[in-house]
Amino acid sequence: MELTGAEIAIRCLQEEGVEYLFGYPGGAVLHIYDALFQQEKVKHILVRHEQAAIHAADGYARSSDKVGVALVTSGPGITNAVTGIATAYMDSIPMVVISGQVPTSAIGEDAFQEVDAVGITRPCVKHNFLVKDVKDIAPILKKAFYLAKSGRPGPVLVDIPKDVSNHKTEFNYPETVSIRAYNPSGKGDSTQIKRAAQMLLEAKRPMVYAGGGVVLSGAATQLTDLVRLLGFPCTNTLMGLGGFPATDKQFVGMLGMHGTYEANMAMQHCDVLVAIGARFDDRVIGNVAHFAEIPRKIIHIDIDPSSIAKRVKVDVPIVGDIKAVLDELLAVLRVSKRQPNAADLDAWWKQIKEWNVKGGGLRYKNSTEIIKPQFVIETLYKITHGDAFVTSDVGQHQMWAAQYYKFDQPRRWINSGGLGTMGFGLPAAMGVQLKHPDATVACVTGEGSIQMNIQELSTCKQFHLPIKVLSLNNRYLGMVRQWQQFFHGDRYSESYMDALPDFVKLAEAYGHVGMRIENPADVEPALKEAFARKKDLVFMDFQTDPKENVFPMVPGGKGLSEVVLSEDL
Amino acid sequence: MRHIISLLMENEAGALSRVAGLFSARGYNIESLTVAPTEDATLSRMTIVTRGSDAVIEQITKQLNKLIDVAAVMDLSEGEHLERELMLVKVRAEGHDRDELKRMTDIFRGRILDVSSHTYTIELTGTRSKLDSFLQSIDAGLILETVRTGASGIGRGERILKL
Numbered sequence: 103m104e105l106t107g108a109e110i111a112i113r114c115l116q117e118e119g120v121e122y123l124f125g126y127p128g129g130a131v132l133h134i135y136d137a138l139f140q141q142e143k144v145k146h147i148l149v150r151h152e153q154a155a156i157h158a159a160d161g162y163a164r165s166s167d168k169v170g171v172a173l174v175t176s177g178p179g180i181t182n183a184v185t186g187i188a189t190a191y192m193d194s195i196p197m198v199v200i201s202g203q204v205p206t207s208a209i210g211e212d213a214f215q216e217v218d219a220v221g222i223t224r225p226c227v228k229h230n231f232l233v234k235d236v237k238d239i240a241p242i243l244k245k246a247f248y249l250a251k252s253g254r255p256g257p258v259l260v261d262i263p264k265d266v267s268n269h270k271t272e273f274n275y276p277e278t279v280s281i282r283a284y285n286p287s288g289k290g291d292s293t294q295i296k297r298a299a300q301m302l303l304e305a306k307r308p309m310v311y312a313g314g315g316v317v318l319s320g321a322a323t324q325l326t327d328l329v330r331l332l333g334f335p336c337t338n339t340l341m342g343l344g345g346f347p348a349t350d351k352q353f354v355g356m357l358g359m360h361g362t363y364e365a366n367m368a369m370q371h372c373d374v375l376v377a378i379g380a381r382f383d384d385r386v387i388g389n390v391a392h393f394a395e396i397p398r399k400i401i402h403i404d405i406d407p408s409s410i411a412k413r414v415k416v417d418v419p420i421v422g423d424i425k426a427v428l429d430e431l432l433a434v435l436r437v438s439k440r441q442p443n444a445a446d447l448d449a450w451w452k453q454i455k456e457w458n459v460k461g462g463g464l465r466y467k468n469s470t471e472i473i474k475p476q477f478v479i480e481t482l483y484k485i486t487h488g489d490a491f492v493t494s495d496v497g498q499h500q501m502w503a504a505q506y507y508k509f510d511q512p513r514r515w516i517n518s519g520g521l522g523t524m525g526f527g528l529p530a531a532m533g534v535q536l537k538h539p540d541a542t543v544a545c546v547t548g549e550g551s552i553q554m555n556i557q558e559l560s561t562c563k564q565f566h567l568p569i570k571v572l573s574l575n576n577r578y579l580g581m582v583r584q585w586q587q588f589f590h591g592d593r594y595s596e597s598y599m600d601a602l603p604d605f606v607k608l609a610e611a612y613g614h615v616g617m618r619i620e621n622p623a624d625v626e627p628a629l630k631e632a633f634a635r636k637k638d639l640v641f642m643d644f645q646t647d648p649k650e651n652v653f654p655m656v657p658g659g660k661g662l663s664e665v666v667l668s669e670d671l
Numbered sequence: 003m004r005h006i007i008s009l010l011m012e013n014e015a016g017a018l019s020r021v022a023g024l025f026s027a028r029g030y031n032i033e034s035l036t037v038a039p040t041e042d043a044t045l046s047r048m049t050i051v052t053r054g055s056d057a058v059i060e061q062i063t064k065q066l067n068k069l070i071d072v073a074a075v076m077d078l079s080e081g082e083h084l085e086r087e088l089m090l091v092k093v094r095a096e097g098h099d100r101d102e103l104k105r106m107t108d109i110f111r112g113r114i115l116d117v118s119s120h121t122y123t124i125e126l127t128g129t130r131s132k133l134d135s136f137l138q139s140i141d142a143g144l145i146l147e148t149v150r151t152g153a154s155g156i157g158r159g160e161r162i163l164k165l
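Next comes the structure, spelled out in structure tokens:
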């Protein structure tokens, strides 16, 4: 039987086991929405802005190992989606986005709601397709899902003109897919893995530096086994949090611009560094030249060869799926009779402990007068027993959440690391809550970020998503304010947020529960009350200290050991 | 350093813009770029001449390989290779300049493709430096128009870029 292109597209999603399709209808996708209406397998989540559809699909993907899927219309539909797509691209999140396009006969004529979707998204997708023939819809969608989740994952866009979605053809979903120019690597090179093992065993001051690739590859168990087997210190990037248990005694904290003193000092002073699914980006190692001043051997494991030797010189490159590489590395180390030199390792740990004392770990001065944002996160950790899914927006609150919520499992910490997209947190939390309906989902945000996608409170009401929103309201775009204080002579240019809405009333207007918390003594009772309301979305407006800054801090362009601890100011 | 990168890619709409977009997005330099289908109509062969440090060239080849439409990449400059570029030059050819231009064309093993009472159109093939030196050898004031294809490259002997 012949089906329309729209029906075929939906059948493809069914074949791929898609549970939720996040989207927003419009002229160019009317046929697809019509096909969606006539089936029940794929559930559609109607967002209030296309950017939120992409972030929700993204949160769904990050909190599971599945591909997030979104559907938007042509023109403004796809341009609104671009921020979300770029967010997913920077963090290598598997995603398929279907966009409508004007009819093929109108392409290039500046038709109503026409935009070159393939052109606009080209630099921020893993790959994209314009479907010109209804016969291509099924094979292209098959390829799109395969590309999105294989190799280094990423978003894939499929642009379907309106006439193509209405043409008819036989539906056959291909069972296999082959793309001759695309062969992602699986296993790593065994010789290189043996070299890496030897280098690790000979290290005097070793360091394990693990990023988001560990989470994406599902290799948290292998990483944990490796670190424990060797007795080495381990740090995680912002994207890698949860890849190694934060409460483990071998965890030295997050590294980078707002990482712990000991993690950054150990990165700087180690003699053998193994980087796993991480990419030495500017927010992680700061100044490249400064980082290179102290020579160290670097082993770099990544599925993407272009991530290796991009910013730093690498001695042992290993291209492959992290899980497979670590399995093989563990096997080599286990059969080896050798152990790392215990005396060297003891001395190294002693040094790291000294750095911990000098840096003071993560600390802040709590107050009985004014709510400290760090205290809110610590209390959140306490009352959720470290077991919540935590999404965040971007800024100071994001850093405090990363520092003070100790993630012991992967895929629990959901944030926009690479692109740094404000407005990510709430829609991402929707995707997480849909994927994990019984789980506790907290969105840590600020009064700046939340207003970038606050309309999604309406989506949350429609789909009964009991997200707990913790807004750390300091009346400032806090991270901007912090940089202006440090680097721009206290000139707070446009970083003060005036004329804020009454968030309690706003939450109530959307049909949710709103709470305003002003006193430190009320933080814990308020959080307890909010999290006890299992069926409600609760918006908590915490009035926090406007002057609080994020420490430690490696200023932009500085080296990892040029860190500013709070006492230095 | 100057590098000549050859690649095979799917002969599909948009493939060229993926390569060109990659160069502009990542701030890589393109000196010239030529592309045309191969004997296998599903594949196009591209030659890109670029400049950069070893680290930049390594990134360029890795990033090109990462493009889904790119099937094979080779840095021709890493080994023995041939490089040819075609140039068409229209010159003002009057009076005694006509003989001089004919002589120079012969010396550079070029051909005069088109003759009018006041102009010659000269075809020249060779390496970039040969074409450059031809242009330097004739009176610059006589040059009316030049059009160059950019380099095409191929490995010597058994150095073959094929799927």
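Quick note, the sequences are listed as chains E and X, same order.
If you're matching positions, the first sequence starts at 103 in the working numbering and goes up one per residue.
If you're matching positions, the second sequence starts at 3 in the working numbering and goes up one per residue.
Every residue, glycine too, gets a C-beta built ideally from N, C-alpha and C.
Just so we're clear, the structure is a prediction, and the values are computed from it rather than from any experiment.
Ranked by how close their Cα comes to the Cα of Ser469 (chain E), the residues E:Ala490, E:Thr223, E:Cys372 and E:Glu650 have E:Glu650 in first place. When E:Val220, E:Thr181, E:Asn274 and E:Ser252 are compared, the shortest CA-CA separation from Ile195 (chain E) is found for E:Ser252. Residues of chain E whose Cβ lies closer than 8 Å to the Cβ of Lys164 (chain X) do not exist, since the nearest Cβ in that chain is about 13 Å away.
Neighbourhood of Ile70 (chain X) in chain E, by CB distance below 8 Å: Lys228, His229, Leu249, Ile281, Ala283 and Tyr284, in chain order.
For Lys143 (chain E), the secondary structure class from DSSP, reduced to helix, strand or coil, is coil. With its beta carbon at least 8 Å from every one in chain E, Ala43 (chain X) lies outside the interface.
Nearest in C-alpha terms to Ala634 (chain E), of all of E:Ala541, E:Pro603, E:Asn576 and E:Asn555, is E:Ala541. Shown here for Val354 (chain E): same chain residues with a beta carbon closer than 8 Å to its own, the five before and five after excluded, namely Pro335, Cys336, Thr337, Thr362, Glu364, Ala365, Ala368, Ile454 and Asn458 in chain order.
When DSSP reads this structure, Tyr578 (chain E) sits in a beta bridge with E:Tyr598. Annotation for Tyr363 (chain E): the continuous alpha helix (DSSP H) segment containing it runs Tyr363 to His371.
For Gly23 (chain X), the closest Cβ of chain E is nearer than 8 Å. Taken in chain order, the complete alpha helix (DSSP H) segments of 4 or more residues contained in the segment 176-221 of chain E are 178-192.
Ser19 (chain X) has a beta carbon lying within less than 8 Å of a beta carbon in chain E. Annotated three-state conformation of Tyr122 (chain E) is strand, per DSSP. Contact annotation, Ala246 (chain E) with Val174 (chain E): C-beta distance approximately 15 Å; criterion of less than 8 Å not satisfied.
Assignment of Asp350 (chain E) by DSSP, reduced to helix, strand and coil, places it in the coil class.
Remark: C-beta atoms of Leu357 (chain E) and Thr339 (chain E) approach each other more closely than 8 Å. Using a Cβ-Cβ cut-off of 8 Å, Ala411 (chain E) counts as an interface residue toward chain X, since at least one Cβ of chain X sits closer than that to its own. Below the 7 Å Cβ cutoff, chain X contributes Gly16 as neighbours of Val220 (chain E), in chain order.
No Cβ-Cβ contact shorter than 8 Å links Thr40 (chain X) with Ser8 (chain X). Exclusion of the five residues before and after His133 (chain E) leaves Thr106, Gly107, Ala108, Lys264, Ser267 and Asn268 as the residues of its chain whose Cβ lies within less than 8 Å of its Cβ.
Residue ranges of uninterrupted alpha helix (DSSP H) with 4 or more members, entirely inside the segment 87-146 of chain X and ordered along the chain, are 99-109 and 130-139.
Taken through DSSP and simplified to helix, strand or coil, Thr646 (chain E) comes out as strand. Taking CB atoms only, Arg224 (chain E) has a neighbour in chain X less than 8 Å away. At a Cβ-Cβ threshold of 8 Å, Leu123 (chain E) and Val171 (chain E) count as neighbours. Put simply, the CB of Ser595 (chain E) is far from chain X, with every gap to its CB atoms at 8 Å or more. At a cut-off of 8 Å between C-beta atoms, Pro263 (chain E) does not count as an interface residue with respect to chain X.
Contact with chain E is found for Glu60 (chain X), since one of that chain's Cβ atoms lies less than 8 Å from the residue's Cβ. When C-beta distances to chain X are compared with 8 Å, the residues of the segment 282-312 of chain E below that value are Arg282, Ala283 and Tyr284, in chain order. Within the segment 136-148 of chain X, no residue has its Cβ closer than 8 Å to any Cβ of chain E.
Under DSSP, Gly591 (chain E) takes part in no beta bridge, so it has no partner.
Interface criterion not met: the Cβ of Ala95 (chain X) is under 8 Å from no Cβ in chain E. Close to Glu80 (chain X), with beta-carbon spacing below 7 Å, lies no residue of chain E; the smallest spacing is near 17 Å. By the C-beta criterion, the segment 88-99 of chain X is judged not to be in contact with the segment 12-32 of chain X, since fewer than 3 inter-stretch pairs fall below 8 Å.
Against chain E, the CB of Ala73 (chain X) has a partner CB under 8 Å away; the residue lies at that interface. Proximity to Tyr578 (chain E) across E:Phe565, E:Gly550, E:Lys415 and E:Ala391 peaks at E:Gly550, based on C-alpha coordinates.
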